[in-house]
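Asker:
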């Protein structure tokens, strides 16, 4: 059975969320393409909000259910 690939936008959002949750800077965005960068930045913003709210680990799943 083939492994279903996720679309690039959701992957970038989740990686941005993880970076924001860990307190990393937005300057560490690995993507230069404007359209894809916006998905990473959206995830980063939500991750930062979760970080500022004190969420980490399992409690971060409440902020972003797609975060695994």
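Numbering (this note's numbering), first residue to last: 484 to 551.
Beta carbons: idealized from backbone N, C-alpha and C, even for Gly.
Here the structure is a predicted model, which means the values were calculated and not measured.
(1) Which value, in whole angstroms, describes the spacing of the CA atoms of residue 496 and residue 532?
(2) To the nearest angstrom, how far is the alpha carbon of residue 513 from that of residue 529?
(3) Can you tell me whether residue 506 is buried or exposed? The criterion is at least 16 other CB atoms within 10 Å of its CB, across all chains shown.
(4) Along the alpha helix (DSSP H) that carries residue 532, what are the first and last residues, could you check?
(5) Decide if residue 516 is buried, meaning its Cβ has at least 16 other Cβ atoms within 10 Å, or exposed.
(6) Where residue 484 and residue 523 are concerned, what is the direct C-alpha to C-alpha distance, given to the nearest angstrom?
Answerer: The relevant details are as follows:
(1) 14 Å
(2) 17 Å
(3) exposed
(4) 517 to 535
(5) exposed
(6) Since pLDDT at residue 484 reaches only 49, below the 50 mark, its modelled position is unreliable, and no value is offered.
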